[in-house]
Structures are given as C-alpha cells and as structure tokens.
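Peer 1: Count along the sequence shown from 1, add 136, and you get the number used in our numbering. Every residue, glycine too, gets a C-beta built ideally from N, C-alpha and C. The model shown is predicted, which means the values in this text are computed figures rather than measured ones.
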Amino acid sequence: MKRRFLLVLCFMLCLVLLVGCGGKSVNLNDYVSVVVFGYDTKGIADYDFDYVGFEEAVAEALKIKTDIQSLSDLNFEDLDKLYSVTNSVVLNFDKSDNLSNGDKITLSAKIDEETNKKHKITLNFKDISTTVEGLEEIKTVGADEIFKDVVVSFNGTSPNGIAIIENKSSDPIISQMDFKSETMTNLKNGDTITVVANTDRIYEEGVIVEDASKDYTVDGLDEYLTKFTEVDEATKNSILKRADEIFSANVLAGKKGYIDNSSTRYLKNINNLGVQDSYYLVQKDGFNNKIINQLQLVYKLEADRDYSDALKDAHISIAFNNIIKLKDGSFKVDLSEAYLLDGNSTFDVFYKEHIMKFMDEYDIEVVKLDK
Numbered sequence: 137m138k139r140r141f142l143l144v145l146c147f148m149l150c151l152v153l154l155v156g157c158g159g160k161s162v163n164l165n166d167y168v169s170v171v172v173f174g175y176d177t178k179g180i181a182d183y184d185f186d187y188v189g190f191e192e193a194v195a196e197a198l199k200i201k202t203d204i205q206s207l208s209d210l211n212f213e214d215l216d217k218l219y220s221v222t223n224s225v226v227l228n229f230d231k232s233d234n235l236s237n238g239d240k241i242t243l244s245a246k247i248d249e250e251t252n253k254k255h256k257i258t259l260n261f262k263d264i265s266t267t268v269e270g271l272e273e274i275k276t277v278g279a280d281e282i283f284k285d286v287v288v289s290f291n292g293t294s295p296n297g298i299a300i301i302e303n304k305s306s307d308p309i310i311s312q313m314d315f316k317s318e319t320m321t322n323l324k325n326g327d328t329i330t331v332v333a334n335t336d337r338i339y340e341e342g343v344i345v346e347d348a349s350k351d352y353t354v355d356g357l358d359e360y361l362t363k364f365t366e367v368d369e370a371t372k373n374s375i376l377k378r379a380d381e382i383f384s385a386n387v388l389a390g391k392k393g394y395i396d397n398s399s400t401r402y403l404k405n406i407n408n409l410g411v412q413d414s415y416y417l418v419q420k421d422g423f424n425n426k427i428i429n430q431l432q433l434v435y436k437l438e439a440d441r442d443y444s445d446a447l448k449d450a451h452i453s454i455a456f457n458n459i460i461k462l463k464d465g466s467f468k469v470d471l472s473e474a475y476l477l478d479g480n481s482t483f484d485v486f487y488k489e490h491i492m493k494f495m496d497e498y499d500i501e502v503v504k505l506d507k
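1) Just to confirm the assignment, what range does the beta strand (DSSP E) spanning V343 have?
2) Do F229 and L218 come within 7 Å of each other at the CB atom, strictly closer than that value?
3) Between which two residues does the beta strand (DSSP E) harbouring F315 extend?
4) Pick out whichever of F190, V188, L271 and A193 has its Cα sitting closest to the Cα of F173.
5) Work out the CA separation of G189 and I257 for me, nearest whole Å.
6) Over what stretch of residues does the beta strand (DSSP E) that includes G410 continue unbroken?
7) Where does F483 sit, in a helix, a strand or coil, going by DSSP?
8) For a test of the three-state rule: what should DSSP assign to S200, helix, strand or coil?
9) Note down the Cα distance separating D239 from V287, rounded to an integer number of angstroms.
10) Under three-state DSSP, which class holds L578?
11) Less than 8 Å between C-beta atoms, sequence neighbours within five positions excluded: which residues of the same chain meet that for E497?
12) How about Y175 and I274: do their beta carbons lie closer than 7 Å?
13) Can you tell which of S220, D166, D280 and G297 has its C-alpha closest to the C-alpha of T251?
14) Bridge partners of I247, per DSSP?
15) Assuming L323 contacts V411 under a Cβ cut-off of 8 Å, what Cβ separation, rounded to an integer in Å, is found between them?
16) Per DSSP, which one or two residues make a beta bridge with E438?
17) Return no unless some Cβ of chain D is closer than 7 Å to the Cβ of K350.
18) Under DSSP, the beta strand (DSSP E) around L417 begins and ends at which residues?
19) Could you spell out the range, first to last residue, of the alpha helix (DSSP H) harbouring N508?
20) Using beta-carbon positions only, say whether K304 and D280 come within less than 7 Å of one another.
21) Can you tell me whether L388 is helix, strand or coil according to DSSP?
22) Find the nearest neighbour of K350 within the set E213, K436, F283 and E473, judged by alpha-carbon distance.
23) For K592, which of D307, N334, D347 and F383 has the nearest alpha-carbon?
24) Name the DSSP beta bridge partners of L323, please?
And the structure:
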C-alpha cells in the first residue's frame, strides 16, 4: 500500500513538472469574431478582436502583474514580454472585399512560434470559416439618373469660354457626388466636353454606377469673329467712319503717327490715296495672346518731306482688336479702342512688318473695304 502511494505521488510530480516546462496556453478564438458588412458584391470582411481581454489572458499566463498603481510598480521586462507575445499574431482573411452573399471566407492566424517558445506560452487558433449572408442588394444607377439635375453652362467668349458645372440634385446619394471635366477652359462653340461623376464616396451607400460620364456640346457663347466676311454693312461702315476720323485727326493733321520712324509732323502736302486691301488676323489654336483677332484697315498716302525723297507708296493702318460676333448674330466692335499703327514708306516693308511677321501665330484674311 505504501509502495502504491509513492508511485502515485511520483506520477503527479512528473505531470506538474511537464506542465510547468511546457508553459500555459491561450485560445485566440475566445477573443476573435468575424463580421461582414456592406452590400452584396461589395461586401467587406473584418474581425472584432477583444485585444484587452486577450492581453489580460496572456498576462495571466505569463504571471505578469497588471494592476499597476504607480510607475514604480512597472516592470519593463514584463511589459516587453507581454507585447512580444501579443504582437506575435497576424490575422488574415483569404478574401476580404468585393464579397457577395454565398461567398465562403476564412480567417486564419500566423503565429510566431519562436517568440512564444521563448516565453513558454502557447497561442492556439482554429481557422474561422463563414459564409457571407445578409448583405443588402446594391442599387444600380445610370447616367440618365445621375445627370438629371446636373446643370452644365458655358460663359465667356469663344474660343476662351469656360464650363460651369452645378450639381443641383436633392437625391441624398447623387447630391454627394462631385462632377468635373478635364476640359473646363479655352472652349469654343462646337467643342465637346465629357463630364465625369466621382463615385468613390457612394459605394458605401450601396450604389453602383453603370455609366458615370456624359458629353456636353459647347454652344451659346459669343465668339471672337474668325471670318471678317461675316460682318454686316452697318458694322463695316462704322469701322470705316471711325478709321477715317483717326486718320484725319492724326495723320492728315500731322499730329500723330510715324512713317519709317519719322513723325508725320514733318510731312507736307499729304494726299490720302484711300483705303487699300486690308488684313484680318485671327489667332491660331495653341496660342494665348491678348489680341485674339485684329483688323488692320490700311491707308495709302503720298506726301513731301523736308529732308528726304517724297513718299509715293506709303502705307499706314488703323487697328481694331477683338471683334466679337454676339450670339444673337450682331457684332461688337469697341471703336473707342481703335488706334493708329506705325506706317512704312513702301508697301513691301509695311507688309513684312505688319503682316508677315505674325503669320506663325495668326491666320490672315485679305479684306476689301470700299467706301
């Protein structure tokens, strides 16, 4: 009987030693649960992790004091051990987004066994597999619904028009969308812009967009005149009248203007030979000059000069800038801004200085304006 008692005692001691050598274990599954949210086809898997409870269980297994009352009670070696173990676990889903009802997903754990062996603790985790269910059906909307209350308007003067996009929707989802176009400026009548809805913010609202873009044609803008032949007779006559006023008050009166850098004040016996072929300059695409178009109304004159040969083929012009064709079909010319350009003693020099030098940036139209 005595011998039997000793054998049982030895067995129990060995069992205690074995358990002591292997350390304690913590079951991670007690602190982890899987959650799925979102909408069907756009579901998202996540997990709730009771980190506080897990940390307390690890601390208890490691016999680490957790009821710290002051800094003097804090054992940094124990703290390092605790965080080494609790941070030795990485949880991952095999699939966690774009989930649909019926999908099967699994949450698994990667555990740093070496760290846990070092601290004589075992962390156990059994993969959690679940079937996605209960996700609400996602709503699908198309361009007609999205753009129903989007107002796109155009302001300015063609080809320098601008687009203005306003989202006036009262729909709780569509009203949150931002709308933009890559082309918002330097627009001309007839251009097409593509307005795109930014749908990033609405997926969590359970909405999928089938077509998030719509094309709009630029129209209704006043436009800088591209063909002077379109100008009506009344506008031409007002231009001719203003040009004659400037020419008479400055050149013929000898008060202002230059011919080959020599002031017209030194001219005598000036004879106005009338308006010649004139030129209409229209800025080409790709340039951004302040002068979009310019009519150079050209006068030819002859005159005597005190210190040089008489002028027989002198040319000087009056400039009218940025003529606009209004959307009602009428024309706008700022006659008060017309001005005298410098002239030249021969037509060839005049043409080179005032027309040819601008051909890279402007298209040139020959204009015949007869009184």
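Peer 2: Reading off the structure:
1) Counting along the chain, the beta strand (DSSP E) containing V343 begins and ends at V343 to V345.
2) Taking the C-beta atoms as reference points, F229 is found no nearer than 7 Å to L218.
3) D314 to K316
4) L271
5) 16 Å
6) L403 to V411
7) helix
8) Residue 200 is actually Ile in this sequence, not Ser. Correct three-state label for I200: coil.
9) 41 Å
10) Lying outside 137 to 507, the shown extent of the chain, residue 578 is not represented and no answer is given.
11) Q419, K420, F423 and N425
12) yes
13) S220
14) V225
15) About 35 Å; that fails the 8 Å criterion.
16) N407
17) No chain D appears in this structure, which consists of one protein chain only.
18) S414 to Q419
19) What the structure shows of the chain is the stretch from 137 to 507, and residue 508 is not part of that stretch, so it cannot be assessed.
20) no
21) helix
22) F283
23) Because the chain spans 137 through 507 in this model, residue 592 falls outside it and cannot be assessed.
24) G297
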